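Asker: Going by my numbering, the first residue of the sequence shown is number 56, and it counts up by one from there. Sharing a structure here in structure tokens format.
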Amino acid sequence: LAVFNLVPLPPLDGSRLLTIFLPPNRQNIIYFLDRYGFVILLLLVLFGGISALNPILALVRDFILGIAA
Numbered sequence: 056l057a058v059f060n061l062v063p064l065p066p067l068d069g070s071r072l073l074t075i076f077l078p079p080n081r082q083n084i085i086y087f088l089d090r091y092g093f094v095i096l097l098l099l100v101l102f103g104g105i106s107a108l109n110p111i112l113a114l115v116r117d118f119i120l121g122i123a124a
């Protein structure tokens, strides 16, 4: 769950990092997705769309396991 939460997609905690690197005019997109992202994420999970995130999740997992080793 911790690795999944670090994915930089709203409403996950990793999305907070995106606002640091984005210009101010693009930060509004992140704030919008942060507000409605839970519903979008829930729909993805319910309808099987979360499998599209598997490569990103694997990358984050491998990075964290590499640090821990």
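Each residue gets a CB set at the ideal place from its N, CA and C atoms; glycine is no exception. Remember, it's a predicted structure, so these values are computed and weren't measured experimentally.
For L64, which of helix, strand or coil comes out of DSSP?
Answerer: Three-state result, L64: coil.
Asker: Are the segment 100-115 and the segment 76-86 in contact at 8 Å, needing three or more beta carbon pairs?
Answerer: Contact between the segment 100-115 and the segment 76-86 is absent, because fewer than three Cβ pairs lie under 8 Å.
Asker: Beta-carbon within less than 7 Å of P63's beta-carbon, same chain only, minus the 5 sequence neighbours each way: which residues are those?
Answerer: Result list for P63: G69, S70, L72, L73, in chain order.
Asker: Starting from the C-beta of R116, find all residues in its chain whose C-beta is less than 6 Å away, skip the five residues before and the five after it, and write them out in chain order.
Answerer: For R116, where only same-chain residues beyond five positions count, the Cβ hits under 6 Å are V58.
Asker: When you compare only the Cα positions, how much space is there between F118 and N80?
Answerer: Roughly 30 Å separates the two Cα atoms.
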